[in-house]
Each structure stands twice: as C-alpha cells, then as structure tokens.
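A short write-up of the structure that comes next.
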Amino acid sequence: MMYRFSNTVIGFLNLLTLLASIPIIGAGLWMARSSTRCANFLQTPLLVIGFIVLVISLAGFIGACFHVACALWIYLVVMLILIAALIGLTMFGFGVTSKGGGVEVPGRVYKEYHLEDYSPWLRQRIKDPRYWNTIKSCIFDSNTCSNVINWTPLDYMQKDMSPIQSGCCKPPTACTYGNNMEEEATRMYNEEEQDPDCYRWNNAPNLLCYECDSCKAGVLEDIRRNWHKLSVLTLVMLVLLIGIYTIGCCAFRNARRAQTDYPYGHNRITKVRPRWDYYWWRWLHDRRERLY
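Position one of the sequence shown corresponds to residue 1 (full-length UniProt numbering), numbered consecutively onward.
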C-alpha cells in the first residue's frame, strides 16, 4: 500500500488547489464587471493564474487518482515550467527592487522619495504615459490624498505618510513659495535650486502633485515594498512546489507500474515495445554466439 501513498498525496493536494482556483477565477470575473479602473488593472493576471492553476490541478488529480500516466506527464512538465518561471521571477524581482527606500526629512516623521534612486527598468516603465495614466487614475479614485490635503502644519510635523501620499499629495518639503513681491523675487533668483516638482505642484484636488517625479517615485517605493513581500511568498511557494514535484514524480512512476500486470519484481514487463538499444544488443549477442 505504500506505493500508493504518493498518488494519494498528489491527488489530495491537487483537489485543494482545484477548489482554490475557483474563487481566484471568480474574483477575476468580478473585477471584470467592476467600474473601478484599479480593479480592471488586476483582472487579467487573476484570470490567467486562476485558469493555469485549474488546468494543472485537474491534470494532476486525474493522473494521480486514476493512474493516468499521460495526465501526470503533462502535469509534471507544466509544474517544471512553473518552477523555472517562479525562480526567474524571484531573481528578477530582487534585482529591480534592490534600490530605493526613501530619504529622511529633518523634523518630519515621513520620508521623501526620488525617482533617480530606483532601477532604470522601473523608471522606464513608470514614465510610460500608458501605464502612468492608469496608475494615476487609480490613485485619484482611491482618494489617497483626501485626508492629507486638509492637514494643518502641525499634522505635517507629527504624522507619518505612505510613500504615495508623500510623493503625490504634497510638494517636496524643500519647496518655498513666496507670498509677496520680495519673496517671489527671491524665489525666482533661486529657481535653479528648487526641485522641478515644486513647479508641477498645484492646489487643485484633481492635480496636486500627480505629475511630479516624486509621485512616480512614491508609487515605485510602494511597488518595491510589495514586491519584496511577494518575493518572500514566492520562495515559500518554490519550496512547496519542489516538494510536490518530487512526490509527483513518484506518483508518475506508480502510474506507469499500474499499467502492467506486474507492478513489482525484477521480472515485470516495463515496456510494451523494446527499448531503442534492444536491437543493437541483440545483434551483438548473436555475433558473439556465432564466434564462440
């Protein structure tokens, strides 16, 4: 009975992942009907992941429970591709998110973020108008800045901000704005010392600093933090997938044995057709018999 243990484990695990794929697909379909642009931004990855998990789990479940070697073979091949893809994604994620982290602001709790501190690949992606317009709409629809724009100067001294709030909801702390002619003349004289984001800032609630480089940097910092958390989860998934893949190889071997009348023993029939080198060995054996 021990040789069926791996089949039972693989069948049980794939039944769980098969059931888990249903809410994933459901969430993707629900987001497809959502009116929120941020939700639509995530619907395609969820649907793709859900259907891949569904197909893999179904092949593994059928192959393990019904001893279908062909289904298990497909299952193992796809699992191997998935493991290789996760390894590549994890290495790529750590590579592009190794830079960044923000800069301390004297006298403030929050940090500020600069676009040049992040990897060139991330900067190139975030500057693409197609991606940035979608992300900007998500930030605006989420009302991230609704509370920050009503803060008092004391709130800015005592309260912390998320990276997106720090970059998108206010101008850089070093910016100076004059209220009279003398201060305006001083500001114009020191214009080259001012951060370019100081001139992109606008008090209008629908503008604020959404076009600032600091806003893009805040989004990249948020992505960097989430990607690091995701990479840790990916490493755990890799360990589990490698363990499941090893058990799946045992289940595949058991399914191949179940296709013959003699699952065990040295004299069992392992193949219906001779191996590719059978005829060569037979020819050499006949030649040796003739010589001796």
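All C-beta atoms in this analysis are idealised placements derived from N, C-alpha and C, irrespective of residue type, glycine included.
ask   = At which residues does the alpha helix (DSSP H) containing Pro-205 begin and terminate?
value = Note, Pro-205: premise wrong, no alpha helix (DSSP H); not H, not E.
inquiry  = Measuring only the C-alpha atoms, how far is Gly-88 from Asp-117?
reply    = 24 Å
inquiry  = Quick check on the DSSP output: the alpha helix (DSSP H) that includes Pro-120 runs from which residue to which?
reply    = 120-127
message = Across the stretch 234-245 and the stretch 198-216, are there enough close Cβ pairs to call them in contact, namely three or more that are closer than 8 Å?
response = no
query = Of all the options Asn-202, Met-91, Cys-212, which has the alpha carbon lying nearest to the alpha carbon of Val-232?
reply = Comparing C-alpha distances from Val-232 to each of Asn-202, Met-91, Cys-212 shows the shortest one belongs to Met-91.
request  = Hey, could you find the ends of the alpha helix (DSSP H) Pro-106 is sitting in?
outcome  = Unbroken run through Pro-106: none, as it is neither H nor E.
key: Rounded separation between Met-161 and Cys-168 - CA only   = 11 Å
Closest Cα partner of Pro-23 within the set Asp-155, Thr-8, Leu-47, Leu-13 = Leu-47
inquiry  = Can you give me the C-alpha to C-alpha distance between Lys-224 and Cys-249, rounded to a whole angstrom?
reply    = First, the amino acid is wrong: residue 224 is Arg here, not Lys. So the two alpha carbons sit approximately 36 Å from each other.
query = With 16 other CB atoms within 10 Å as the buried threshold, where does Lys-216 fall?
reply = buried
message = Distance check for Glu-221 and Arg-108, CA to CA, integer angstroms please.
response = 18 Å
ask   = Taking DSSP as the reference, what is the three-state secondary structure of Lys-136?
value = helix
Closest Cα partner of Ala-251 within the set Tyr-110, Val-77, Leu-72 = Leu-72
message = Counting beta carbon pairs with one atom in the stretch 93-101 and one in the stretch 49-58, are three or more of them shorter than 8 Å?
response = no
key: Rounded straight-line distance, which links the Cα of His-228 to that of Leu-19   = Going from the Cα of Leu-19 to the Cα of His-228 covers about 28 Å.
task = Would you tell me roughly how many angstroms separate the C-alpha atoms of Ala-64 and Thr-17, rounded to the nearest one?
result = 14 Å
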